[in-house]
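Chains A and B, in that order, give the protein sequences.
Counting from 1, position 149 in the first sequence corresponds to residue 149 in the numbering used here; the numbering is continuous, with no gaps.
Counting from 1, position 176 in the second sequence corresponds to residue 1176 in the numbering used here; the numbering is continuous, with no gaps.
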Amino acid sequence: MTMRAPTSILPLRAEGLVYEIDGRRLIDGVDLTLTAGETTVLIGPNGAGKSMLLRLLHGLLPPSAGAIRWQLSEGRRAGVKAHAMVFQKPVMLRRSALANLTHALAAAGVGWSARRDRARAALELFHLAGLADRPAKVLSGGEQQRLAIARAWALDAEVLFLDEPTSQLDPAATRLIEETISLVSGEGRTVVMATHDLGQARRLADRILFIHAGRIHEDATAADFFDRPRTEAARAFVAGDLVV
Amino acid sequence: MIRTALRTALGALVALAVTLPARAQEATTSIVVASTTSTQDSGLFEYLLPIFTQKTGIAVKVIAQGTGQALDTGRRGDADVVFVHAKAAEEKFLAEGFSKARKPVMYNDFVLVGPKSDPAGIAGGKDIATALGAIRTKQAAFVSRGDKSGTHMAELALWKTAGIDLAAARGDWYREIGQGMGAALNTASAMNAYVLADRGTWLSFKNRGDLVIAVEGDKRLFNQYGVMVVNPEKFPHVKAAAAEAFVGWITGAEGQKAISGYKIGGEQLFFPNADQPGA
């Protein structure tokens, strides 16, 4: 009934997505619509294609077939990409934590004084202010992950793709990242995250995509999925059985 | 009395439009309302529009934009109704002939939010100009959206009202973040800073931390909404009858009552005032 235009890059529509490598279909016909404000969690066994699907949606890989359509072309707002990706192992520039933010803002065309303001606001918001001058590469895994999310926030990303953001972190650092994700989604941003941690999926997801062998086997609200998984594979996965 | 007569007449018009098979596009009538993101984000439309549609059979599609963009959408004839909150700009729209009448609908208000510790010593005040003066004098941290939104514009106008030349006064205490309302509130919460927020977003904001309302209730914090039908003489494709029905409903007894009934956390967000002359 209502639409938000032309300021939003959403909805995103993926149609008939296929990704093939050496004749193997890693993504095998995915149709998907993402609307604003939801936290969608991709779960499924290792090698299911979760990470690959995130990369396709973010535009890091060209699909072998099918199409990805953002409401605004390429998911750009006023020429600047309004979706960001946070990787399992965060990508840090060989600079201070602060400079990792200001550099990204400069690349997005934000003026000098505005980028200082925004970068410092982001460091405070994500509890990194004390580490501003530290080289980003010597930060702990959890701190780097928070800095990567802070960078997406500073760029005012409307959509955040996160690929197993806590898989290499201890429980305390994981909890901080989950709080960070909740904070960002509480601002109305759209989060799409891959995880193999079912507890995490339960804690964060509004919607679950259960992925198996390159396909979406279930697309359901988190409550429906965990209470009443419809497919045998999903039931086994939720029950903790091995799914191959 | 006149209102009732008008509504009856409008109702008849709509009924006519719906029963005329020759105008097929009117048979399943839907209108486009150009409005603002803040109205959309408050959840008001999701509450209000189904009531209107059920009553009249007229579907409403909302395009949520910045105020200036919403008016421009009307100027291009891409909307049947414009529903925004910028009286001066609305009057310009009227003067240019893009609509024949503007009607007041309701108001909501902004609140100045800040940390419980209240470093500027302004908590409980009713005078926004004095409060902003104290923030500036004490150089207390202030987060500005800095995103050219309606709320950002309102904030800039309030500094001016307070007699403060921001260009000269701004320093480290004034942080422009170029982000939306939720992000600005989160940042203020993390920095123990003051921030101007629309009450709707504030009420639905969960991560308040130590933030509380410092100043509210000043008339200058009120935000008047007006509604206009796009002039069908300029754009013959404007669905005038259905658009008039919408305006009639939202400014009439039933629509006004529905507006009062919209609450978040038990608090009323919008105050209907279609009857208030000059609003």
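The beta carbon of each residue, even a glycine, is placed where N, CA and C say it ideally should be.
Residue i burial status per 10 Å Cβ neighbour count (16 or more: buried)
{"i": "Leu-12(A)", "result": "buried"}
{"i": "Asp-163(A)", "result": "buried"}
{"i": "Leu-10(A)", "result": "buried"}
{"i": "Pro-171(A)", "result": "exposed"}
{"i": "Leu-60(A)", "result": "exposed"}
{"i": "Lys-1160(B)", "result": "exposed"}
{"i": "Arg-138(A)", "result": "Sequence check: residue 138(A) is Val here, not Arg. Exposed."}
{"i": "Thr-1187(B)", "result": "buried"}
{"i": "His-83(A)", "result": "buried"}
{"i": "Pro-1050(B)", "result": "exposed"}
{"i": "Thr-195(A)", "result": "buried"}
{"i": "Val-91(A)", "result": "exposed"}
{"i": "His-1237(B)", "result": "exposed"}
{"i": "Val-1014(B)", "result": "At Val-1014(B), the pLDDT of 44 sits below 50, so the modelled position is not reliable; the number obtained from the coordinates is stated separately. With 16 or more Cβ atoms within 10 Å of its Cβ, Val-1014(B) is classed as buried."}
{"i": "Asp-1275(B)", "result": "exposed"}
{"i": "Thr-1073(B)", "result": "buried"}
Residue i at chain B interface by Cβ criterion, 8 angstroms
{"i": "Ala-48(A)", "result": "no"}
{"i": "Gly-37(A)", "result": "no"}
{"i": "Gly-16(A)", "result": "no"}
{"i": "Arg-76(A)", "result": "no"}
{"i": "Glu-124(A)", "result": "yes"}
{"i": "Asp-117(A)", "result": "yes"}
{"i": "Gly-188(A)", "result": "yes"}
{"i": "Asp-156(A)", "result": "yes"}
{"i": "Met-1(A)", "result": "Confidence at Met-1(A) is low in this model, with a pLDDT of 37, below 50, so the placement of that residue should be treated as unreliable; the coordinate-derived value is given next. True, the Cβ-Cβ gap to chain B drops below 8 angstroms."}
{"i": "Leu-147(A)", "result": "no"}
{"i": "Leu-183(A)", "result": "yes"}
{"i": "Ala-104(A)", "result": "no"}
{"i": "Ala-150(A)", "result": "no"}
{"i": "Ala-121(A)", "result": "yes"}
{"i": "Ala-114(A)", "result": "yes"}
Identity of the residue in the options nearest residue i by Cα
{"i": "Lys-1061(B)", "options": "Ala-1243(B), Gly-1261(B) and Pro-1232(B)", "result": "Ala-1243(B)"}
{"i": "Ala-1214(B)", "options": "Glu-1155(B), Val-1227(B) and Leu-1196(B)", "result": "Leu-1196(B)"}
{"i": "Asn-1231(B)", "options": "Gly-1171(B), Pro-1104(B), Gly-1114(B) and Val-1082(B)", "result": "Val-1082(B)"}
{"i": "Arg-215(A)", "options": "Ser-8(A), Met-52(A), Thr-39(A) and Ala-67(A)", "result": "Met-52(A)"}
{"i": "Ile-1250(B)", "options": "Pro-1104(B), Ser-1099(B) and Thr-1067(B)", "result": "Pro-1104(B)"}
{"i": "Arg-28(A)", "options": "Glu-74(A), Leu-34(A), Pro-229(A) and Tyr-19(A)", "result": "In the sequence as presented, Arg is not what sits at residue 28(A); that position holds Asp. Checking every option, the nearest Cα to that of Asp-28(A) belongs to Tyr-19(A)."}
{"i": "Gln-1065(B)", "options": "Ala-1059(B), Val-1032(B) and Gly-1266(B)", "result": "Val-1032(B)"}
{"i": "Phe-1205(B)", "options": "Glu-1233(B), Ser-1189(B) and Arg-1220(B)", "result": "Ser-1189(B)"}
{"i": "His-58(A)", "options": "Ser-73(A), Gln-144(A) and Ala-48(A)", "result": "Ser-73(A)"}
{"i": "Glu-1216(B)", "options": "Thr-1053(B), Leu-1132(B) and Val-1111(B)", "result": "Val-1111(B)"}
{"i": "Asn-1108(B)", "options": "Gly-1114(B), Leu-1269(B) and Ser-1117(B)", "result": "Leu-1269(B)"}
{"i": "Asp-206(A)", "options": "His-217(A), Ile-181(A), His-212(A) and Ala-213(A)", "result": "Ile-181(A)"}
{"i": "Ala-97(A)", "options": "Ile-68(A), Ser-8(A), Pro-165(A) and Ala-154(A)", "result": "Ala-154(A)"}
{"i": "Tyr-1194(B)", "options": "Ala-1279(B), Tyr-1047(B), Val-1113(B) and Gln-1069(B)", "result": "Val-1113(B)"}
{"i": "Leu-123(A)", "options": "Ala-108(A), Ser-113(A), Ala-106(A) and Glu-143(A)", "result": "Glu-143(A)"}
{"i": "Ile-43(A)", "options": "Arg-24(A), Arg-76(A) and Phe-210(A)", "result": "Phe-210(A)"}
Contact with chain A by residue i, beta-carbon distance below 8 angstroms
{"i": "Arg-1175(B)", "result": "yes"}
{"i": "Thr-1056(B)", "result": "no"}
{"i": "Thr-1187(B)", "result": "yes"}
{"i": "Ala-1015(B)", "result": "Confidence at Ala-1015(B) is low in this model, with a pLDDT of 43, below 50, so its placement is unreliable and the value that follows should be read with caution. Cβ-Cβ to chain A under 8 angstroms: no for Ala-1015(B)."}
{"i": "Ala-1022(B)", "result": "At Ala-1022(B), the pLDDT of 38 sits below 50, so the modelled position is not reliable and the matter cannot be decided from this model."}
{"i": "Gln-1276(B)", "result": "no"}
{"i": "Gly-1183(B)", "result": "Contrary to the premise, residue 1183(B) reads as Ala rather than Gly in this sequence. Yes, Ala-1183(B) lies at the interface with chain A (some Cβ there is under 8 angstroms from its Cβ)."}
{"i": "Asn-1273(B)", "result": "no"}
{"i": "Asp-1125(B)", "result": "The question names Asp, but residue 1125(B) is Gly in the sequence shown. No, no contact with chain A."}
{"i": "Gly-1114(B)", "result": "no"}
{"i": "Lys-1148(B)", "result": "no"}
{"i": "Asn-1207(B)", "result": "yes"}
{"i": "Gln-1280(B)", "result": "An answer regarding residue 1280(B) cannot be provided, because it is not within the stretch 1001 to 1279 covered by chain B."}
{"i": "Ala-1190(B)", "result": "yes"}
Cross-strand partners of residue i (DSSP beta bridge)
{"i": "Thr-190(A)", "result": "Val-159(A)"}
{"i": "Gln-1268(B)", "result": "Lys-1263(B)"}
{"i": "Lys-1103(B)", "result": "Val-1227(B)"}
{"i": "Ala-1245(B)", "result": "Paired residues: none, contrary to the question."}
{"i": "Thr-33(A)", "result": "Arg-13(A)"}
{"i": "Phe-1083(B)", "result": "Ser-1035(B) and Val-1227(B)"}
{"i": "Thr-221(A)", "result": "Arg-207(A)"}
| Going along the chain, which unbroken runs of the beta strand (DSSP E) with 3 or more residues stay wholly within the stretch 66–113 of chain A? | Fully contained in the stretch 66–113 of chain A are the following beta strand (DSSP E) runs of length 3 or more, in chain order: 83–86.
| At which residue ranges does the stretch 1199–1236 of chain B contain complete alpha helix (DSSP H) runs of 4 or more residues, listed in the order of the chain? | Restricting attention to alpha helix (DSSP H) runs no shorter than 4 residues, the stretch 1199–1236 of chain B encloses them at 1199–1204, ordered along the chain.
| task | Scan the stretch 1055–1079 of chain B and note each continuous beta strand (DSSP E) run of 3 residues or more that stays entirely inside, going in chain order. | result | Along the stretch 1055–1079 of chain B, the beta strand (DSSP E) occurs as fully enclosed runs of 3 or more residues at 1059–1065, listed in sequence order.
| query | Of all the beta strand (DSSP E) runs that stay within the bounds of the stretch 129–176 of chain A, which reach a length of 3 or more residues? | reply | Correct list: 159–163.
| query | What residue ranges within the stretch 1114–1166 of chain B form continuous beta strand (DSSP E) runs of no fewer than 3 residues, ordered along the chain? | reply | Taking 3 residues as the shortest admissible run, the stretch 1114–1166 of chain B contains the following complete beta strand (DSSP E) segments, listed from N- to C-terminal end: 1142–1144.
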